[in-house]
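**Student:**
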Amino acid sequence: MSFEAPHFSSRDAVVCRGIGKTWAAGTKRAHEALRDVDLDIAPGEFVVFLGPSGCGKSTLLYLIAGLEEATEGLVWSFGDLVETPSPQRSLIFQETSLFPWLTVWQNVSFGLAIRGASQQERRAVAAEALQRVGLKAAMDKRPDELSGGMRQRVAVARALAMRPKVLLMDEPFAALDVQTRARMQDFLLDVWRDSGASVLFVTHHIDEAVALAGRVVVFTSRPGRIKTIVPITLPRPRNLFSREAEALRIQLTELLRDEVDRAFAEQEAMGATA
Ligand SMILES: Nc1ncnc2c1ncn2[C@@H]1O[C@H](COP(=O)(O)OP(=O)(O)OP(=O)(O)O)[C@@H](O)[C@H]1O
Ligand SMILES: [Mg+2]
Numbered sequence: 019m020s021f022e023a024p025h026f027s028s029r030d031a032v033v034c035r036g037i038g039k040t041w042a043a044g045t046k047r048a049h050e051a052l053r054d055v056d057l058d059i060a061p062g063e064f065v066v067f068l069g070p071s072g073c074g075k076s077t078l079l080y081l082i083a084g085l086e087e088a089t090e091g092l093v094w095s096f097g098d099l100v101e102t103p104s105p106q107r108s109l110i111f112q113e114t115s116l117f118p119w120l121t122v123w124q125n126v127s128f129g130l131a132i133r134g135a136s137q138q139e140r141r142a143v144a145a146e147a148l149q150r151v152g153l154k155a156a157m158d159k160r161p162d163e164l165s166g167g168m169r170q171r172v173a174v175a176r177a178l179a180m181r182p183k184v185l186l187m188d189e190p191f192a193a194l195d196v197q198t199r200a201r202m203q204d205f206l207l208d209v210w211r212d213s214g215a216s217v218l219f220v221t222h223h224i225d226e227a228v229a230l231a232g233r234v235v236v237f238t239s240r241p242g243r244i245k246t247i248v249p250i251t252l253p254r255p256r257n258l259f260s261r262e263a264e265a266l267r268i269q270l271t272e273l274l275r276d277e278v279d280r281a282f283a284e285q286e287a288m289g290a291t292a
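Written out as structure tokens, the structure reads:
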């Protein structure tokens with residue numbers, strides 16, 4: 019299969035053109051998750067994906083990560099066609115996925131082990147990444163000795179250890195309590211500023227979108243299409259109690275409400291026929 023040379027700037031961190039994804043395409047179980055998604059992400063941008071459950075947010079991250087193939091359209095990253103996973107694009111999954119039998123530092127440097135790096139090099143890279151998430155002291159512990167928030171920080175350190183240019187984060191803080199989540203958001207903003215990476219962050223929480231995003235991509239219910247993109251220009255550090263922040267929360271809540279209602283109705287109908 020041959021492709022035309024991309025006609026957009028090769029400096030774009032991510033470019034999605036005409037993306038569609040039908041799971042199990044061509045079978046009786048075919049299930050359209052995404053349709054006609056066009057999206058450009060600049061280097062160093064912080065973009066949040068907001069949309070009802072099942073609208074295809076995780077699916078889009080998998081396509082950008084190169085873990086799944088789009089049924090329609092193409093994804094590029096820094097001018098290269100995305101066909102396979104790359105260490106330039108790290109994905110932090112919706113559920114924490116640390117290996118319980120490895121220590122914290124071995125988890126963090128797992129990607130380097132696959133590349134054949136020496137133990138000494140892996141430990142040094144892991145130490146640096148763990149320092150950035152404030153967990154260097156926990157290097158030799160095992161995941162089950164850590165709290166949920168600490169485990170998520172280890173997952174972030176593991177992603178950072180590969181020095182990605184694009185960090186894909188799928189509801190990474192969803193399982194955390196409200197206070198820990200707020201701490202993790204501050205911490206993530208620090209990491210983002212230091213790393214210069216583009217962050218694509220999925221959440222259901224409107225508060226989280228307003229706290230983090232430079233742009234919020236709001237998706238329709240399934241098949242997910244981009245309903246609208248809301249830029250957030252509030253200066254950082256953000257005052258989340260300001261009138262502007264409140265106005266954004268109201269705007270995003272209204273944008274989501276119809277889509278969530280539609281998604282619920284569809285899921286109920288599917289349940290009735292299952
Ligand atoms: N591996 C798969 N095989 C078949 N269908 C899938 C697969 N993964 C997801 N789907 C379906 O594709 C649609 C989009 O799923 P996806 O996980 O991307 O949604 P989401 O927006 O991330 O939802 P949530 O907010 O609940 O995490 C859903 O209807 C889901 O059932
Ligand atoms: Mg998801």
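Using my numbering, read the sequence shown as starting at 19 and increasing by one per residue.
Idealized CB from N, CA, C, for every residue including glycine.
1) Go through the segment 187 to 227 residue by residue and report every complete run of the beta strand (DSSP E) that reaches 3 residues or more, in order.
2) Look up Arg275 in the DSSP assignment and say whether it is helix, strand or coil.
3) Here's the rule I'm using: 16 or more other beta-carbon atoms within 10 Å means buried, otherwise exposed. How should Val65 be labelled?
4) Report the start-end ranges of each alpha helix (DSSP H) in the segment 51 to 104 that is 4 residues or longer and not cut off at the edges.
5) Please classify Pro253: does DSSP put it in a helix, a strand, or coil?
6) At the level of alpha carbons, what is the spacing between Lys46 and Ile37?
7) Under the three-state reduction of DSSP, which class applies to Gly36: helix, strand or coil?
8) According to the Cβ coordinates, are Ile59 and Asp30 closer than 8 Å?
9) Considering only their Cβ atoms, is the gap separating Val184 from Ala215 smaller than 8 Å?
10) Let me check you understand the geometry: is the CB of Cys34 closer than 7 Å to at least one non-hydrogen atom of ligand 1?
11) By alpha-carbon positions, which one of Asp188, Val122, Leu109, Ser136 ends up nearest to Gly69?
12) Helix, strand or coil for Arg29 per DSSP?
13) Rounded to a whole number of angstroms, what is the C-alpha to C-alpha distance between Ala265 and Leu274?
14) Please list, in chain order, all residues of the same chain as Met19 whose beta carbon is under 8 Å from its beta carbon, the five residues on each side excluded.
**Tutor:** Looking at the coordinates:
1) Listed in chain order, the complete beta strand (DSSP E) runs (minimum 3 residues) inside the segment 187 to 227 are 216 to 221.
2) Here Arg275 sits in helix by DSSP.
3) When all chains shown are included, Val65 counts as buried.
4) Listed in chain order, the complete alpha helix (DSSP H) runs (minimum 4 residues) inside the segment 51 to 104 are 75 to 83.
5) Three-state result, Pro253: coil.
6) Computed Cα separation, rounded: 22 Å.
7) Residue state, collapsed to three classes: strand.
8) Yes. Within cutoff.
9) For Ala215 and Val184, yes; Cβs fall inside 8 Å.
10) For Cys34, the distance from the CB to the nearest heavy atom of ligand 1 is not below 7 Å.
11) For the set Asp188, Val122, Leu109, Ser136, the Cα lying nearest the Cα of Gly69 is the one of Asp188.
12) Coil.
13) Near 14 Å, if we compare the C-alpha coordinates of Leu274 and Ala265.
14) Unreliable positioning characterises Met19 in this predicted model, as indicated by a pLDDT of 47, which lies under 50. A coordinate reading is not provided.
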